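Okay, structure first, notes after.
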Amino acid sequence: MPSQSGSSTGQTSHLTPFSTPYASQRDIPKYRISENGAPGDTVYEMIKDELDLDGRPNLNVASFVDTYLDDHAQKLMAENMSKNLADNDEYPAMLSIANRCVSILAHLWGVQKGDKAVGAPTVGSSEAVHLGGLAMKRRWQERRRAQGKDTLRPNIIMGANAQVALLKFARYFEVEARVLPVSEKSNFCLDPDLVRENIDENTIGVFAILGSTYTGHYEPVETISKLLDEYEEKTGVWIPIHVDAASGGFVAPFTYAGTGGWKWNFELPRVVSINTSGHKYGLVTPGVGWIVWRDQSYLPKDLVFELHYLGGTEESYTLNFSRPGAQIIVQYYNLIHLGFQGYREIVENCLANARILSKSLEATGWYTCVSGIHRPAPANHPSSTAVATAASDVAHRAKDALTSAAAATTATTTNNPGGSPAPAAPHQTAETSAAYVAGLPVVSFRFTDEFRREYPHIQQETVSLLLRARQWIVPNYALPPGEGQTEILRVVVRVSMSFDLLDRLVADLVQVTETLMQRDEVDLSVLQEQRRRRRSVGDSVG
Amino acid sequence: MVHLSTIPDKDGVNGTNKDSFTTSVYGSRFAAQDLPRHEMPEGEMPKEVAYRMIKDEMSLDGNPMLNLASFVTTYMEEEAERLMAESLPKNFIDYEEYPQTTDIQNRCVSMIGRLFNAPASAGENVGAVGTSCVGSSEAVMLAVLAMKKRWKNKRMAEGKPCDRPNIIMSSAVQVVWEKATRYFEIEEKLVYCTPDRYVIDPEKTVSLIDENTIGICCILGTTYTGEYEDVKAVSNLLTERGLDTSIHVDAASGGFVAPFVVPELEWDFRLPHVVSINVSGHKYGLVYPGVGWVVWRSAEYLPQELVFNINYLGADQSSFTLNFSKGASQVIGQYYQLIRLGKHWYRAIMSNLTRTADYLSDSLEALGFTIMSKKSGEGLPLVAFRLPHRDERQYDEFALAHALRTRGWIVPAYNMAPNTNKMRMLRVVVREDFTKNRCDALIADIRLSQQALEQMDHDSIRKQQDFIHKHQTAGGKATHNHPKYRKEQHSLQGKTGKTHAVC
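Structure, rendered in structure tokens:
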């Protein structure tokens with residue numbers, strides 16, 4: 001009789017994964033590759049079950065990274081999982097799709113006539129930032145050498161709100177990071193006044209962030225650009241800007257608010273390169289970023305390597321080589337499936353939901369928002385002109401979409417007969433982001449000063465902890481160093497944060513805060529234990 | 001009673017045709033239009049249509065089964081594929097959200113470290129450390145950064161200048177090494193190959209060392225001939241001469257082969273001078289593209305300044321990567337393969353591949369080719385071969401590669417590393433899914449192509465090659481490459497004509 005428990009080679013005969021030794025007696029290998037293998041279905045089941053301990057992506061409002069793909073995108077992703085983006089000889093169609101995406105993005109970001117934009121897909125914005133920074137460094141070295149000057153002490157300017165990738169670039173490529181403090185006055189973003197004081201002939205460039213991960217504010221690229229113009233007039237030193245639009249690159253171009261009336265992209269001659277994450281508001285799951293240079297002259301030749309294949313040639317400027325290409329295919333799918341209008345509707349919805357969340361939080365009187373997207377655009381602010389431009393823009397763009405929008409409105413009303421008018425349905429009231437301060441769909445909030453005075457024993461961090469028990473991940477961390485030690489809670493409103501889910505989040509936030517208000521100091525002391533292990537000032541995660 | 005019905009006028013009929021929502025993909029107006037290439041379309045496209053259009057376009061890509069140029073895995077079991085597809089939305093770096101995924105990575109690092117005989121941890125700050133990467137390129141760059149920083153710290157402590165670092169490597173290195181030295185501003189000291197030696201010469205290597213040398217790169221399995229470089233000899237010479245130079249082993253391809261096929265070969269942390277090793281999970285680690293690994297002998301070889309501590313919702317993470325957010329599927333796929341196959345089945349697969357490679361070598365030798373790669377597990381399971389030197393022959397290796405292309409096979413032809421008399425070669429990588437059966441089909445096609453070429457004169461070979469290059473290869477048709485970066489003169493390829501081999 002053949003043995004039921006299997007032979008010594010590890011081929012176990014079994015009815016279901018749960019009838020194998022792995023179900024009870026044997027630990028699955030953790031630290032050492034096992035001598036014999038295990039059956040595929042069993043391993044699948046064991047790993048899958050273990051991964052159930054991971055969080056629920058949709059309730060993680062800490063991250064910008066997309067977790068939702070529609071069915072067709074998922075299918076494309078799975079079908080192309082084995083394709084290697086580096087292998088152009090084998091996958092020419094994929095490569096041509098990557099090039100189309102670069103071209104589409106360059107146009108979206110206002111590439112200028114006569115300039116020959118170049119660009120590349122990356123694994124994410126980190127790689128893109130490294131490539132952008134390195135090109136600026138090399139160009140600076142070339143300029144200095146041409147002038148017969150030393151190249152020993154390059155520096156780069158960024159705000160203290162910079163994402164860790166920007167700091168990594170400076171450390172790894174040996175450029176002095178001039179991290180400028182941020183303040184409430186500068187919206188916790190790069191402060192143009194400080195930029196003026198910190199630039200010199202050794203500045204390789206300025207990193208401007210389109211969409212601070214802390215508060216969602218856009219850094220004033222145009223102001224910085226003008227200031228660098230003045231500096232150049234005075235000293236003759238030319239300093240370029242790289243825009244880190246990791247989150248904002250797929251938001252600002254589509255929203256009615258834009259960036260609030262000022263320019264940020266290749267329309268400014270000083271902006272030499274822009275990067276974005278496809279896996280944030282580009283609506284692809286993790287693993288894709290993009291970088292575009294305004295013109296080939298900003299990407300020094302000696303950084304680009306040519307690879308010869310079977311008589312063919314491929315140019316390569318990446319830090320990674322072999323890597324999956326499926327994300328790029330899905331990026332293209334999104335671009336042509338959604339089109340400009342589709343992206344616009346999605347980010348406008350995100351912004352509308354973020355406004356509702358902000359207003360609900362402030363309505364409680366317990367919280368105040370540090371983020372600004374729910375505040376009306378000031379009348380004397382340049383964004384009032386933005387409203388006008390946006391409005392004419394709307395009229396222009398909406399011409400053909402008008403009929404279908406009207407049809408949609410009718411459909412909603414008929415589907416909802418006698419229903420109370422929804423308190424927040426921005427599309428029905430034709431309210432757009434143009435009437436508000438421009439920014440990412442991010443809500444950063446903290447306890448009001450009155451609340452603090454009344455309940456000094458309540459730590460803001462406890463809110464985050466208690467929300468965690470309800471499966472929400474709402475991080476609490478300190479704003480970048482510079483002004484005081486303000487801590488904020490942050491909610492990123494992503495595409496999959498529907499109105500209904502938002503309603504639950506607000507309800508849970510209110511309940512959690514109320515619970516805390518009813519407890520006294522002794523009750524809460526147990527939670528302070530948790531605090532100790534997270535005392536250090538952290539970077540926010542993009 | 002008569003029911004009267006109106007016949008719609010022309011507008012009424014055509015009006016419905018304008019609707020982009022249609023049940024038939026190929027009946028929709030999109031099927032008769034160009035796909036957007038340069039500018040985002042204003043309106044949307046139904047998802048069925050967008051899906052089908054892109055899928056159809058992807059069918060123009062090659063057949064991975066016939067691509068013998070690449071080491072990168074193209075086959076995984078269904079269960080592994082399912083697991084990976086389910087993990088696609090997971091962001092690998094998001095530790096707070098996906099703690100289990102991070103734990104799985106740590107297990108893989110541990111398993112791979114032990115596979116390379118890493119010294120076990122014996123307390124805080126001792127014992128191997130490692131991380132997952134997108135691929136060996138990222139891994140190599142991280143290892144180079146670590147070596148450079150360590151050297152710099154040492155020099156600064158001694159009060160000596162640290163502005164001219166150099167690194168010693170073979171001229172057969174993969175392009176990432178040239179990138180790393182260029183991007184991080186390190187001088188490259190090359191040990192050149194000779195017409196009969198395609199790997200690093202330990203003696204020459206060690207004699208190149210000076211006070212500015214940050215380390216030595218040894219390749220476990222060069223991409224040209226698959227030969228393992230003699231790490232042990234280099235390490236022994238260092239010991240003999242009392243030098244403490246670090247060695248990094250680039251085991252991108254060999255790291256998952258040598259431990260199973262030639263376990264007695266000493267190339268890893270058993271040698272005292274080896275400080276770090278990288279390996280590609282997506283080559284013989286048998287995972288789809290997007291995963292590599294790098295392991296350091298101990299935390300002391302990874303300078304603290306390079307590691308960023310990120311606080312993410314209370315969870316402190318140490319991060320030493322060039323990439324940040326990325327998919328988690330490949331790491332999970334790697335863990336699946338490691339525990340699914342175990343050492344036993346990795347050994348079985350690698351032995352089969354070695355056997356197939358030997359069989360292919362013998363058959364090609366019988367056809368009159370000169371074999372340049374090693375046999376019976378002394379190198380990677382690949383076959384590098386060239387035509388014997390004969391003056392009257394009208395065709396070269398590139399012509400043969402082009403002829404094979406018409407049969408669907410991608411067999412790359414390369415110019416060898418510099419100083420090898422402009423030697424040319426063909427290379428077949430034996431991957432997991434290259435069975436003996438398919439090997440026989442390849443041999444038959446090589447024989448047919450050879451016979452056809454023998455009968456042609458010089459001109460017609462030239463013409464045919466041009467034709468195939470223009471019309472049947474992707475590279476020949478490519479128009480996307482930027483003219484500015486064409487014909488670069490700064491790399492080994494630009495300077496010497498050496499081909500950066502595909503890997």
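As given, the protein sequences belong to chains C and P, one line each in that order. Take 1 as the starting number for the first sequence in the numbering used here and just add one per residue. Take 1 as the starting number for the second sequence in the numbering used here and just add one per residue. For each residue, glycine too, the CB sits at the ideal point set by N, CA and C. Quantities reported herein were computed from a predicted structural model and do not represent experimental measurements.
Outcome for residue i when other beta-carbon atoms lying within 10 angstroms are tallied against a minimum of 16
| i | result |
| --- | --- |
| P/Ala-441 | exposed |
| C/Arg-534 | Here the model assigns C/Arg-534 a pLDDT of 44, short of 50, so the residue's position is not dependable, and the following value carries that caveat. The residue is buried, with at least 16 neighbouring Cβ atoms inside 10 Å. |
| C/Thr-122 | buried |
| P/Met-45 | buried |
| P/Leu-341 | buried |
| C/Pro-421 | At C/Pro-421 the pLDDT is 38, less than 50, meaning the model places this residue with poor confidence; the figure from the coordinates comes in the next sentence. Counting Cβ neighbours within 10 Å, C/Pro-421 comes out exposed, since fewer than 16 surround it. |
| C/Leu-15 | exposed |
| C/Glu-176 | exposed |
| P/Thr-194 | exposed |
| C/His-130 | buried |
| C/Glu-450 | exposed |
| P/Lys-495 | exposed |
| P/Gly-130 | buried |
| P/Lys-374 | buried |
| P/Leu-492 | buried |
| C/Ala-406 | For C/Ala-406, the predicted structure reports a pLDDT of 38, less than 50, and the residue's modelled location is therefore unreliable. A value from the coordinates is still provided. Burial call: exposed. |
| C/Asp-500 | exposed |
Nearest residue (CA-CA) to residue i, options the options
| i | options | result |
| --- | --- | --- |
| C/Phe-173 | P/Glu-57, P/Tyr-183 and P/Leu-88 | P/Tyr-183 |
| P/Leu-453 | P/Thr-435, P/Met-423 and P/Leu-387 | P/Leu-387 |
| C/Phe-340 | C/Ile-104, C/Gly-124 and C/Glu-79 | C/Ile-104 |
| C/Leu-357 | C/Glu-127, C/Ser-277 and C/Val-506 | C/Val-506 |
| C/Val-495 | C/Gln-163, C/Leu-303, C/Asn-353 and C/Glu-487 | C/Asn-353 |
| P/Trp-345 | C/Glu-521, C/Met-158, C/Gly-37 and C/Ala-257 | C/Gly-37 |
| C/Pro-481 | C/Glu-345, C/Val-179, C/Glu-142 and C/Tyr-281 | C/Val-179 |
| P/Val-428 | P/Leu-380, P/Ile-104, P/Asn-106 and P/Val-25 | P/Leu-380 |
| C/Ala-165 | P/Thr-245, P/Gln-304 and P/Ser-319 | P/Ser-319 |
| C/Ser-498 | C/Val-61, C/Arg-453 and C/Ala-73 | C/Val-61 |
| P/Arg-155 | P/Cys-133, P/Asp-210, P/Asp-103 and P/Asp-201 | P/Asp-210 |
| C/Trp-351 | C/Arg-375, C/Thr-364, C/Gln-331 and C/Tyr-332 | According to the sequence shown, residue 351 of chain C is Leu rather than Trp. Minimum Cα distance to C/Leu-351 is reached at C/Arg-375. |
| P/Ser-253 | P/Gly-292, P/Ser-276 and P/Leu-265 | P/Gly-292 |
| C/Lys-168 | P/Leu-306, P/Leu-360 and P/Gly-327 | P/Leu-306 |
| C/Arg-138 | C/Ala-257, C/Pro-300 and C/Glu-431 | C/Pro-300 |
| C/Tyr-91 | P/Gln-100, P/Asn-106, P/Thr-74 and P/Phe-92 | P/Thr-74 |
| C/Ala-86 | C/Phe-305, C/Asn-58 and C/Trp-140 | C/Phe-305 |
| P/Glu-96 | C/Gln-518, C/Ser-96, C/Val-474 and C/Ile-336 | C/Val-474 |
| P/His-38 | C/Glu-454, C/Gly-236, C/Gly-119 and C/Ala-162 | C/Gly-119 |
| C/Asp-544 | C/Val-65, C/Ala-73 and C/Ala-23 | For chain C, the structure presents residues 1 to 542; residue 544 of chain C sits outside this window and is missing. |
| C/Phe-447 | C/Leu-361, C/Val-492 and C/Val-493 | C/Leu-361 |
Residue i beta carbon near the ligand ATP (any heavy atom closer than 7 Å)
| i | result |
| --- | --- |
| C/Gln-163 | As for the ligand ATP, it is missing from this structure, which has no ligand bound. |
Strand pairing of residue i, partner residues [DSSP]
| i | result |
| --- | --- |
| C/Val-271 | C/Ile-241 |
| P/Met-425 | P/Tyr-414 |
| C/Ile-291 | C/Ala-120 and C/Asn-275 |
| P/Cys-108 | Per DSSP, none; premise fails for P/Cys-108. |
| P/Gly-130 | P/Val-295 |
Could you name the residues of the stretch 228-241 of chain C whose beta carbon sits closer than 8 Å to any beta carbon of chain B, in the order they occur along the chain?
Of the protein chains in the structure, C and P, none is chain B.
Answer yes if the stretch 316-335 of chain P comes into contact with the stretch 190-210 of chain C, meaning at least three C-beta pairs across the two stretches below 8 Å, and no otherwise.
No: the two stretches stay apart, fewer than three of their Cβ pairs being nearer than 8 Å.
Are the stretch 67-74 of chain P and the stretch 360-373 of chain C touching by the rule of at least three beta carbon pairs closer than 8 Å?
Taking a cut-off of 8 Å for Cβ pairs, the stretch 67-74 of chain P and the stretch 360-373 of chain C do not touch, as fewer than three such pairs fall below it.
Contact list for the stretch 34-51 of chain P against chain C, Cβ threshold 9 Å
Cβ contacts with chain C come from Leu-35, Pro-36, Arg-37, His-38, Glu-39, Met-40, Pro-41, Glu-42, Gly-43, Glu-44, Met-45, Pro-46, Lys-47, Glu-48, Val-49, Ala-50 and Tyr-51.
At least three beta-carbon pairs within less than 8 Å, the stretch 245-255 of chain C to the stretch 206-216 of chain C:
Enough Cβ pairs lie closer than 8 Å, so yes.
Within 9 Å of chain C by C-beta, residues of the stretch 419-438 of chain P in sequence order:
Of all residues in the stretch 419-438 of chain P, none has a Cβ within less than 9 Å of some Cβ in chain C.
Per the contact definition of three or more C-beta pairs closer than 8 Å, is the stretch 134-151 of chain P in contact with the stretch 169-177 of chain P?
As far as the Cβ criterion goes, the stretch 169-177 of chain P touches the stretch 134-151 of chain P, which means the pair count is three or higher.
Count the C-beta pairs between the stretch 199-215 of chain P and the stretch 159-175 of chain P that are closer than 8 Å, then say yes if the count reaches three, no if not.
With the cut-off at 8 Å, the stretch 199-215 of chain P and the stretch 159-175 of chain P touch.
Quick check: the stretch 290-300 of chain P against the stretch 257-267 of chain C, are there 3 or more CB pairs under 8 Å?
Between the stretch 290-300 of chain P and the stretch 257-267 of chain C, the count of Cβ pairs shorter than 8 Å is below three; the stretches do not touch.
Are the stretch 319-329 of chain C and the stretch 151-164 of chain C touching, with three or more C-beta to C-beta distances below 8 Å?
The answer is no - the stretch 151-164 of chain C does not touch the stretch 319-329 of chain C, with fewer than three Cβ pairs under 8 Å.
What are the residues of the stretch 317-350 of chain C that lie near chain P, defined by any Cβ-Cβ distance shorter than 7 Å?
Close to chain P, meaning a Cβ-Cβ distance shorter than 7 Å, are the following residues of the stretch 317-350 of chain C: Leu-319, Asn-320, Phe-321, Ser-322, Arg-323, Pro-324, Ile-329, Tyr-332, Tyr-333, Leu-335, Ile-336, His-337, Leu-338, Gly-339, Phe-340, Gln-341 and Gly-342.
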